[in-house]
Amino acid sequence: MRALTWHGKHDVRVDTVDDPEILNPRDAIIKITSTAICGSDLHLYDGYIPTMQAGDILGHEFMGEVVETGPTSTLKKGQRVVVPFTIACGSCYHCGKHQYSACDNGNPADNQDIGQELYGQPMSGLFGYSHMTGGYAGGQAEYVRVPFSDVGPIVIPDGIEDDKVLFLSDILPTGWQAAENAGIEPGDTVAVWGCGPVGLFAVQSAFLMGAERVIAIDHFPHRLDLAKRFGAETINFEESATYEALMEMTGGIGPDAVIDAVGLEAHGFFVDNVIDQIKKSTFLGTDRTHSIRQAIVACRKGGRVSMPAVYGGLVDKFPLGAFMEKGLTLKTGQTSVQHYMPALLNAIIEDKIDTTFLISHRMALEDAPKGYQMFHDNQNDVTKVVLKPDFAAGTVA
Amino acid sequence: MSDTDSQAIVHDDAPLSTSKHPNDAVDRATTELLEAKGDTLIGRTVTINRPRAELFAYWRNFTNLSSFMDNIVSVDVRDAKTSHWVVKAPGGKTVEWDAVITEEKDGETIAWASTEGADVPNSGRIDFRDAGARGTIVTATIVYDPPAGVVGKVIAKLFQREPAIQARRDLRRFKQLMETGEIATASRTRKQLEEEKA
């Protein structure tokens, strides 16, 4: 099959590789019909994520058609499914509590060692996202092997096009969980740092959860426009001073809840630095935590901090004093996609949530390297690239 | 103050395998828990969301162990008490020993010790304890005599056949198999899966 493979910094290629096979009873093989490039794929593209290996297949936002099933898969050939980016078993203690992204078993045993050393406990498995989170082949390919297919994939009813439901795989539930983690109460003002897909879906979700005002912060005018379309007020941090603006816009109180949807982009973490107790304070920068620091300082007393943004290592100059003195609460984590999928699919079917506005480019899988480059170079206009394995090379829609 | 008082050491409740005084820990482990078969103590614990009796029964059938212990080449059960073990070692070699069950409590404990002439003398115990809504806590405690001492341990670590690493991975695979009915793999093809297990 053809697949987008990682070879190093700014070096991704479409290669011919062996087709996936059913290896475990609960597996299914999915023929990909749509697969998106995620903002977090750019972390891989920029070479910031450790434990990548040449030839790794990327992609963790994908959907397609079931073409083969293991003996205990509950899927049927021909069904259309969206696959969550987190690989969860459904049977461990954490899955029982619907904390799917904390699943004990989704990550192969050998790959759990790194997480244990870095974070104290191993992380769950993720598709196409380094060997620390499993080393699973991703979905920017013609086919993908999906483990625990009886738990993860959600079946899409006929007549609903891919574009409408593809983002159930990651960014829509991630934006939703971000808003949920902000503990929004009716009448709240919520500030969202970052108008990437997760930030924009968090804006949408915050309003659906009863926020009276949402203030979106970014520096890309087009992305701020998108936030405005959902009713958000905007702050362009290249034009206005964010903290001062937030204080003035909230009558000197500060937002009731703040959401950091920016994360480590542009300031990577390196596994050596984290492990090496001597180097850790020297090598890890502080600027990359700018958004979370600012969010904590701006948040009102007794307010809530939600952090869907991805962080990997240690931080310096974390405003722990402000955090304590103001009595804030922080909630964060990888998304428990499986928990949110059914309700969000219903919201899409009932037209309460529309995600199609986000897609700026549809391209052939064969042109994926160009898609990565475009997304990397022009984040103002390129809001989302969706790859289609059945498009002929050069097709753009 | 009497002599005994001044010499009394108050121990905490943490497992011996986490002791900062390894020699003392091995001494205590081999008086209290295990037969003395070496100077290296390892311990690993995992919580498995299944009933204690089910986990014990699966483990007690030693021929099952190779399904999740990647380093086992074969376990030959000779009679109710003895078995013969062939295990992978660094550099494509194997090591062998006979093991005798030294203690068994149904549903709770299996302890063993290697017999004379073992390539790697070892003894150990697996304890199963109820953990309420979380299932069962399974603890492996092992002492062994590493071949070629410290150098051997470094080499084993290099080849990822170091028992402390292996024990943790084995228990995780046991958990996966018991909780999900399969052992998670990131392989894409059968060929890759075979290479991974080799």
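If you read the protein sequences in the order shown, they are chains A and B.
Its first residue numbered 1, the first sequence is counted upward by one per residue in the working numbering.
Its first residue numbered 1001, the second sequence is counted upward by one per residue in the working numbering.
Just so you know, even glycine gets a beta-carbon here, dropped at the ideal spot from N, CA and C.
- For aspartate 41 of chain A, the nearest beta carbon of chain B is not closer than 7 Å to its own beta carbon.
- A direct Cα-Cα distance of roughly 10 Å separates tryptophan 1085 of chain B from serine 1066 of chain B.
- The closest CA to that of aspartate 1076 of chain B, considering only B:Thr1180, B:Val1087, B:Thr1063, is found on B:Thr1063.
- For the stretch 20 to 91 of chain A, the continuous alpha helix (DSSP H) assignments of 4+ residues that do not extend past its boundaries occur at 39 to 45, in sequence order.
- With a cutoff of 7 Å on beta-carbon distance, proline 319 of chain A and valine 297 of chain A are scored as near each other.
- When secondary structure is reduced to three states using DSSP, serine 149 of chain A falls in the coil class, being assigned neither helix nor strand.
- For isoleucine 296 of chain A, the enclosing alpha helix (DSSP H) covers residues 290 to 298.
- If you look at glycine 1124 of chain B, you'll find it in the beta strand (DSSP E) that goes 1122 to 1130.
- The C-beta separation of aspartate 1130 of chain B from threonine 1139 of chain B comes to about 13 Å, leaving the pair out of contact by the 8 Å criterion.
- Rounded to the nearest angstrom, the gap between the Cα atoms of valine 146 of chain A and aspartate 110 of chain A is 19 Å.
- Burial state of tyrosine 48 of chain A is buried, judged by a 10 Å Cβ sphere holding 16 or more other Cβ atoms.
- With contacts defined as CB atoms closer than 7 Å, isoleucine 348 of chain A and lysine 164 of chain A qualify as a contacting pair.
- Cβ-Cβ distances below 6 Å link histidine 131 of chain A to Thr51, Asn111 in the same chain, with the five nearest sequence neighbours on each side left out; the list follows chain order.
- Beta-bridge pairing by DSSP links isoleucine 1101 of chain B to B:Trp1112.
- Inclusion of leucine 118 of chain A and histidine 60 of chain A in the CB contact set at 7 Å is not warranted, their separation being larger than that value.
- About 4 Å separates the beta carbons of isoleucine 30 of chain A and glycine 64 of chain A, which is inside the 8 Å limit, making them a contact pair.
- The stretch 173 to 190 of chain A makes no contact with the stretch 1023 to 1031 of chain B, as fewer than three CB pairs between them are under 8 Å.
- Going by DSSP, glutamate 1179 of chain B is part of the alpha helix (DSSP H) stretching over 1163 to 1180.
- Contact between alanine 202 of chain A and isoleucine 215 of chain A does not hold, since their C-beta atoms are separated by about 12 Å, which reaches or exceeds 8 Å.
- In the three-state scheme derived from DSSP, where H, G and I count as helix and E and B as strand, valine 262 of chain A is classed as coil.
- For the options A:Glu325, A:His43, A:Tyr372, the alpha carbon positioned closest to that of tyrosine 311 of chain A is the one of A:His43.
- Look at aspartate 367 of chain A here: in three-state DSSP terms it is helix.
- Listed by position along chain B, the residues whose Cβ is nearer than 8 Å to that of glutamate 21 of chain A are Arg1188, Thr1189, Arg1190.
- Per DSSP, methionine 247 of chain A is one residue of the alpha helix (DSSP H) stretching across 242 to 249.
- One Cα belongs to glycine 39 of chain A, the other to glycine 263 of chain A, and the distance between them is close to 10 Å.
- Taking a cut-off of 8 Å for Cβ pairs, the stretch 185 to 198 of chain A and the stretch 218 to 229 of chain A touch, as three or more such pairs fall below it.
- As DSSP reads the structure, arginine 213 of chain A sits in a beta bridge with A:Thr189.
- Residue burial annotation: isoleucine 160 of chain A is exposed, with fewer than 16 other C-beta atoms found within 10 angstroms of its C-beta.
- A:Pro84 is the residue among A:Asn236, A:Pro84, A:Val190 whose C-alpha sits nearest the C-alpha of threonine 35 of chain A.
- For arginine 1173 of chain B, a Cβ of chain A is located within less than 7 Å of the residue's own Cβ.
- For asparagine 1071 of chain B, no CB of chain A lies under 7 Å from its own CB, so it is not counted at the interface with that chain.
- DSSP, read as helix, strand or coil, puts phenylalanine 323 of chain A in helix.
- Contacts with chain B at 7 Å (Cβ-Cβ) do not include asparagine 378 of chain A.
- Close to threonine 72 of chain A, with beta-carbon spacing below 9 Å, are these residues of chain B in chain order: Gly1181, Glu1182.
- For the set A:Gly70, A:Asp104, A:Gly55, A:Ile32, the Cα lying nearest the Cα of isoleucine 1048 of chain B is the one of A:Asp104.
- Think of a sphere of 8 Å around the beta carbon of glycine 128 of chain A: no beta carbon from chain B falls inside it, the nearest being about 10 Å out.
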